[in-house]
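For reference, the structure discussed in these notes is given below.
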Amino acid sequence: QVQLVESGGGLVQPGGSLRLSCAASGFTFRNYAMSWYRQAPGKERELVAAITSVSGSTNYADSVKGRFTISRDDAKNTVYLQMNSLKPEDTAVYYCNAPSSGFAWGQGTQVTVSS
């Protein structure tokens, strides 16, 4: 069955960096676009970044543009999110998924940006 396992979150000070990973299994990863999402307490889940299959074109939410970078390694069935210049408003649980796939969500990884 499909599994999406996010990792790499933690507590970081404002201005710091984190690298999130999402290990995927149970589907042909290289054929799917992948995205990172986040959900802050009391808010809707929102799209943060996306990367297409094959060409690896990327797209970002305006709030993270220039600070976050999404990438993928099809040999490892893994998608990454490099997060730099983190701000307190980036605090959320971060999830990965293949958009419009209907795959179940993983457990996510908590990112807390606080001094």
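Read the sequence shown against the working numbering and you will find it ends at 126, with the numbers running on by one and no gaps. We put the beta carbon where it would ideally sit given N, CA and C, even for glycine.
When we look at the beta-carbon of L31 and count the other beta-carbons within 10 Å, is it buried (16 or more) or exposed? In the sequence shown, counting from the first residue as 1, residue 31 sits at position 20. Counting Cβ neighbours within 10 Å, L31 comes out buried, since at least 16 surround it.
Go to L22, then tell me how far its beta strand (DSSP E) extends in each direction, as first and last residue. The residue you call residue 22 lines up with position 11 of the sequence shown. Where L22 is concerned, the enclosing beta strand (DSSP E) stretches over 21-23.
DSSP has S96 in a bridge; who is on the other side? By one-based count along the sequence shown, residue 96 stands at place 85. The partner list for S96 (beta bridge, DSSP) is empty, contrary to what the question assumes.
Going by beta-carbon coordinates alone, are Y105 and R49 separated by less than 7 Å? Taking the sequence shown and counting its residues from 1, one reaches residue 105 at position 94. Taking the sequence shown and counting its residues from 1, one reaches residue 49 at position 38. Result yes, Cβ atoms of Y105 and R49 sit closer than 7 Å.
Quick one, which of S66, A72, S64 has its alpha-carbon nearest R56's? In the sequence shown, residue 56 corresponds to position 45, counting from 1. When each option's Cα is compared against that of R56, the closest is A72.
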